[in-house]
Amino acid sequence: MRESGPRDLKVSAPAASLADGSRGPSHETEAQGSLLEAPATQSLISGHRQRLRDRFRKGGAEALPDYELLELVLFRAIPRRDTKGLAKRLLARFGSFAQVVNAPDARLKEVTGVGDAVVTELRLVRAAALRLMQGEIATKPLLSSWTQVLDYLRAVQGFEEREQFRILFLDKKNRLIADEVQGHGTVDHTPVYVREVVKRALELASTAIILVHNHPSGDPTPSRADIDMTRMIVNAGKPLGVQVHDHIIVGRAGYASFRAMQLL
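Under our numbering, the letters of the sequence shown match residues 778 to 1041, in that order.
Structural data, given as structure tokens:
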């Protein structure tokens, strides 16, 4: 029996793990570059990043379109690759800088090139913006900075994909005592327990509250159930010295104020 000679074995190298948590390089992601960029390519990327940083320092965010501002955010998550393509893909999928930052983790990861590092960086930007906005409204009476309050409420839950019921608890000077999410619901309903709302206000020694919830559909128009629930809380709180200043419904398309609509 004739012995066959040794056969050539082809061993496929495992795909490298990229800085943003995705797998590569591959034919699909080749255009994005790799960790082993040629020196000339690295020099071009470095120069582009520095020019963007300089424009941002000189002109602020107004000097940059959405995709370039998003590039700046992605620099830390993807330190060695061009981020322009990824920034444009994210904007094409979600529509705007704000919608990218507020997009759910799972949907972000549907975009080629997005891994855990990118998601973490976007979550950090969102958290920092909300903390700043919350800090600004906490230092002054809420009713005297109403525009800032509305901007904060839209930012904090206007992009949520499920309904949330939030309460802002105020003291006698209408300063913020606490900002609490009382319940999570479905795409079109959140259970609200009137007794628990009033009980929590008394626990915090709050004399006034602002009710907030979102409509994931984007349309902030109050439903019949929203109106009935609000009146129940108003009636329950009044004899106990807890006033409902307003009920705000937020959505991507704007907001609705019960007080402005004369529903309170």
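Idealized CB from N, CA, C, for every residue including glycine.
Here E887 has R870 as same chain residues with Cβ atoms under 8 Å from its own Cβ, once five neighbours each way along the sequence are excluded. Excluding its 5 nearest sequence neighbours in each direction, T860 has C-beta neighbours in its own chain below 6 Å: E848 and L851, listed in chain order. Taking a C-beta distance under 9 Å as the contact criterion, E940 and N991 qualify as a contact pair. The three-state reading of DSSP puts Q827 in helix, counting H, G and I together. Counted as a single uninterrupted DSSP element, the beta strand (DSSP E) harbouring D1023 occupies residues Q1020 to G1028. Per DSSP, V1011 is one residue of the alpha helix (DSSP H) stretching across R1001 to G1014. For the 9 Å CB-CB criterion, I1010 and F946 do not form a contact. Beta-carbon to beta-carbon, E845 and P881 are separated by about 24 Å, too far to satisfy the 8 Å threshold. Note: G1031 is bridge-paired with G1028 in the DSSP secondary-structure output.
In the structure shown, L947 adopts extended strand secondary structure according to DSSP, grouped into three states. In its chain, beyond the 5 residues on either side, no residue has a beta carbon closer than 6 Å to the beta carbon of R977. Residues V969 of the same chain have their beta carbon placed closer than 6 Å to that of M1006, with the five preceding and five following residues left out of the count. For D996, no alpha helix (DSSP H) segment is defined, and its DSSP state is neither H nor E. Going by DSSP, D928 is part of the alpha helix (DSSP H) stretching over W923 to Q934. Residue pairing of A985 in beta bridges, as defined by DSSP: L947 and Q1020.
Between V1027 and Q934 the beta-carbon gap is near 6 Å, inside 8 Å, which marks them as a contact. Beta-bridge annotation (DSSP): N991 is paired with V1027.
About 7 Å separates the Cβ atoms of V1019 and T984, confirming a contact at the 8 Å cut-off. Leaving aside the five residues that flank D843 on each side, the residues in its chain whose CB is nearer than 7 Å to its CB run, in chain order, L868, S873 and F874. Taking every protein chain shown into account, the CB of G912 has fewer than 16 other CB atoms within 10 angstroms, so this residue is exposed.
For A854 against V895, the beta-carbon gap comes to about 5 Å, under 8 Å, which counts as contact. Under the three-state reduction of DSSP, Q1039 is assigned to coil, being neither helix nor strand. With 16 or more neighbouring CB atoms inside 10 Å of its own CB, D1003 falls in the buried class.
In the DSSP secondary-structure assignment, A955 is bridged to F946.
Rounded to the nearest whole angstrom, the C-alpha separation of L909 and L841 is 22 Å.
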